[in-house]
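Protein chains in written order, with our numbering: chain H, 76 to 277; chain V, 76 to 277.
Working notes, structure below.
Number of protein chains: 2
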Amino acid sequence: MTSASTATNITWHDGHVTPKERAQLLKQKGLTIWFTGLSASGKSTIASALEQHLLHKGVNAYRLDGDNIRFGLNKNLGFSPEDRTENIRRIAEVSKLFADSATVAITSFISPYRADRDSARKLHADASIPFIEVYADVPVSVAEERDPKGLYKKARTGEIKEFTGISAPYEAPENPEIHIRTDLVSIAEAVQQITAFIEKFK
Amino acid sequence: MTSASTATNITWHDGHVTPKERAQLLKQKGLTIWFTGLSASGKSTIASALEQHLLHKGVNAYRLDGDNIRFGLNKNLGFSPEDRTENIRRIAEVSKLFADSATVAITSFISPYRADRDSARKLHADASIPFIEVYADVPVSVAEERDPKGLYKKARTGEIKEFTGISAPYEAPENPEIHIRTDLVSIAEAVQQITAFIEKFK
């Protein structure tokens with residue numbers, strides 16, 4: 076059912092565009108790449124390199140991270156257990172919207188709780204959108220040694236309470252799609268591993 | 076500052092991709108087209124036709140509306156004044172993220188309060204992202220006659236309380252970028268008017 080106006084050269088059909096139509100028109104399929112790992116595990120570094128690599132290939136990719144979420148959409152959330160869960164819930168909903176728009180959504184948050192990540196996974200599964208969990212794995216000792224923002228130091232002195240890996244739990248993924256030991260592989264190798272994996276969803 | 080791995084053919088630079096780089100790589104600039112108007116004013120019909128028209132031109136466009144927001148990101152919000160404001164705040168933040176990703180974000184919500192729309196506008200202005208307010212204008216009598224979902228009827232009988240245009244205010248835009256009398260122009264004409272307007276942001 077197509078409505079067309081020859082005068083204006085504008086064509087559309089009743090109802091909304093389907094995911095299949097969108098993928099065909101944009102020649103791209105959306106999915107979500109969900110990074111999880113300790114602070115200073117290398118999540119954001121790899122996520123940023125991955126985003127750039129995909130953009131250079133002409134693939135629309137977009138990264139959600141603390142910079143554009145914590146001070147925007149989620150600026151009215153704190154760090155209570157309820158707020159942490161709501162933080163991840165909103166990120167999951169937004170990444171799903173991006174993936175639905177045929178973008179490669181890349182999220183880069185510690186997301187320490189298995190239940191929250193599983194909820195994000197289910198949300199995508201229910202919409203038949205691929206969800207790729209990437210575990211940026213590094214021993215706490217290595218992350219603590221890196222400590223680019225001095226956060227581990229503050230956690231050790233107690234200046235920061237409930238810091239993941241020190242004074243709050245990190246629940247490692249049991250069966251992530253991709254497991255990267257970020258102290259053992261290069262950024263390029265990590266990006267290559269992920270891009271090779273997502274090839275199958277093209 | 077570019078890091079490259081010739082072995083893997085993966086190139087990136089330190090820090091994050093800039094909006095300018097993204098626009099160049101994707102050959103597309105993002106912006107937000109914010110529809111406002113009464114229930115049954117034709118917002119969603121025009122928004123959907125616009126989205127399809129842009130997708131057919133290969134432009135990544137994505138529509139945020141009640142279907143994908145109210146039952147997802149904003150499912151924990153009701154209809155109290157605070158929740159209505161938070162509803163529009165989150166939609167504004169998400170449309171800004173889409174526009175930042177070089178997508179044409181199209182929002183289709185009644186958004187009856189001027190202050191809420193002005194907040195959305197300011198959020199975009201602060202990030203130097205174009206914000207185009209489209210007023211889908213129709214006399215209440217015409218919207219009530221259309222009443223495709225029977226909502227006006229329920230509002231008149233009191234079954235629905237605080238219904239915009241009947242028992243709750245609609246604050247019309249004073250200076251929208253685009254003003255469409257949806258009872259006087261065709262869908263194709265409306266889409267053409269909007270696409271002509273956004274040409275200047277290419």
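Glycine is no exception: its CB is placed at the ideal position from the N, C-alpha and C atoms.
Keep in mind it's a predicted model, so treat the numbers as computed, not measured.
Cβ-based neighbour list, residue i, same chain, cut-off 7 Å, excluding 5 preceding and 5 following
i, result
"Ala98(V)", "Lys104 and Ala177"
"Ile235(V)", "Leu226 and Lys229"
"Tyr188(H)", "Glu246"
"Glu161(V)", "Leu152"
"Asn149(V)", "Asn162 and Arg165"
"Ser242(H)", "Ala230 and Lys236"
"Arg159(V)", "none"
Beta-carbon neighbours of residue i, restricted to chain V and to distances below 7 Å
i, result
"Glu168(H)", "Gly147 and Leu148"
"His131(H)", "Thr86 and Leu100"
"Arg159(H)", "Near Arg159(H) there are no residues of chain V at all, since even the closest Cβ is about 15 Å away, more than 7 Å."
"His165(H)", "Per the sequence shown, residue 165(H) should be read as Arg rather than His. Residues of chain V passing the Cβ test: Leu148."
"Ala243(H)", "Simply none; closest approach about 24 Å."
Cβ neighbours of residue i in the same chain (closer than 8 Å, five flanking residues each side left out)
i, result
"Ile253(V)", "Ile207, Glu208, Val209, Tyr210, Gln268, Ile269 and Phe272"
"Ala115(V)", "Val213, Ala218, Glu219, Arg221, Asp222, Pro223, Lys224, Leu226 and Tyr227"
"Asp201(V)", "none"
"Arg192(V)", "Trp109, Thr111, Ile163, Ser186, Glu208 and Pro248"
"Ala263(H)", "Ala124"
"Val266(V)", "Ile121, Ala124, Leu125 and His128"
"Gly147(H)", "none"
"Phe154(H)", "Glu237"
Any non-hydrogen atom of the ligand FAD closer than 8 Å to residue i Cβ
i, result
"Tyr227(H)", "For the ligand FAD, the structure offers nothing, since it holds no ligand at all."
Partner residues on chain H for residue i, Cβ-Cβ distance less than 7 Å
i, result
"Glu126(V)", "Val92"
"Ala230(V)", "Simply none; closest approach about 25 Å."
Spatial neighbours of residue i in its chain, beta-carbon cut-off 6 Å, leaving aside the 5 residues before and after
i, result
"Lys118(H)", "Phe110, Gly112, Ser183 and Ala211"
"Pro94(V)", "none"
"Lys277(V)", "none"
"Asn135(H)", "Thr178"
"Ala174(V)", "Gly105, Leu106, Thr107, Ala180 and Ile204"
"Asn143(H)", "none"
"Arg196(V)", "Phe206"
"Ala167(V)", "Ala195 and Leu198"
"Phe238(H)", "Ala230"
"Asp251(H)", "It should be noted that the sequence gives Pro, not Asp, for residue 251(H). Glu208 and Tyr210."
Three-state secondary structure (DSSP) of residue i
i, result
"Tyr210(V)", "strand"
"Thr77(V)", "Because the pLDDT of Thr77(V) is 46, which lies under 50, any placement of that residue in the model is unreliable, and the question is left without a value."
"Phe110(H)", "strand"
"Asp142(H)", "helix"
"Ile235(V)", "coil"
"Tyr227(V)", "helix"
"Ala271(V)", "helix"
"His131(H)", "helix"
"Ala247(V)", "coil"
"Thr120(V)", "helix"
"Ala115(H)", "coil"
"Ile52(H)", "Lying before the first or after the last residue shown, residue 52(H) is absent from chain H, which here runs from 76 to 277."
"Ile85(V)", "strand"
"Ser261(V)", "coil"
Chain-ordered chain V contacts of residue i [CB-CB under 8 Å]
i, result
"Val260(H)", "None at all; the shortest Cβ gap to chain V is about 11 Å."
"Asn143(H)", "Leu172 and Asp175"
Residues that residue i contacts on chain H, provided the C-beta gap is smaller than 9 Å
i, result
"Thr239(V)", "Under the 9 Å cutoff, chain H gives no residues; its nearest Cβ is about 23 Å from Thr239(V)."
"Thr182(V)", "Correct list: empty, because the minimum Cβ distance to chain H is about 12 Å."
"Thr178(V)", "Asn135, Tyr137, Phe173, Ser176 and Thr178"
Anticipated Cβ contact below 8 Å, residue i with residue j, distance rounded
i, j, result
"Ile164(H)", "Ser194(H)", "The sequence given here has Arg at residue 164(H), not Ile. Confirmed, Cβ separation roughly 7 Å."
"Gly240(H)", "Val215(H)", "5 Å"
"Leu130(H)", "Val169(H)", "Not quite, the Cβ-Cβ distance comes to about 19 Å (not below 8 Å), so this is no contact."
"Gln127(H)", "Val260(V)", "About 43 Å; that fails the 8 Å criterion."
Partner residues on chain H for residue i, Cβ-Cβ distance less than 8 Å
i, result
"Ser123(V)", "Trp87, Gly90, His91 and Val92"
"Ala200(V)", "Simply none; closest approach about 14 Å."
"Ala211(V)", "Ordered by position in chain H, no residue passes the 8 Å Cβ test against Ala211(V), which lies about 16 Å from the chain."
"Arg115(V)", "The displayed chain sequence assigns Ala, not Arg, to residue 115(V). Within 8 Å Cβ-Cβ: nothing; Ala115(V) doesn't reach chain H, min ~16 Å."
Closer than 7 Å at the beta carbon, the chain A residues around residue i
i, result
"Arg97(V)", "Going by chain labels, chain A is absent from the structure shown, which instead holds the protein chains H and V."
Original post:
What are the start and end residues of each continuous beta strand (DSSP E) run of 3 or more residues lying completely inside the region 157 to 204 of chain H, in chain order?
Top reply: At a cut-off of 3 residues, the continuous stretches assigned as beta strand (DSSP E) that sit fully inside the region 157 to 204 of chain H are 179 to 183.
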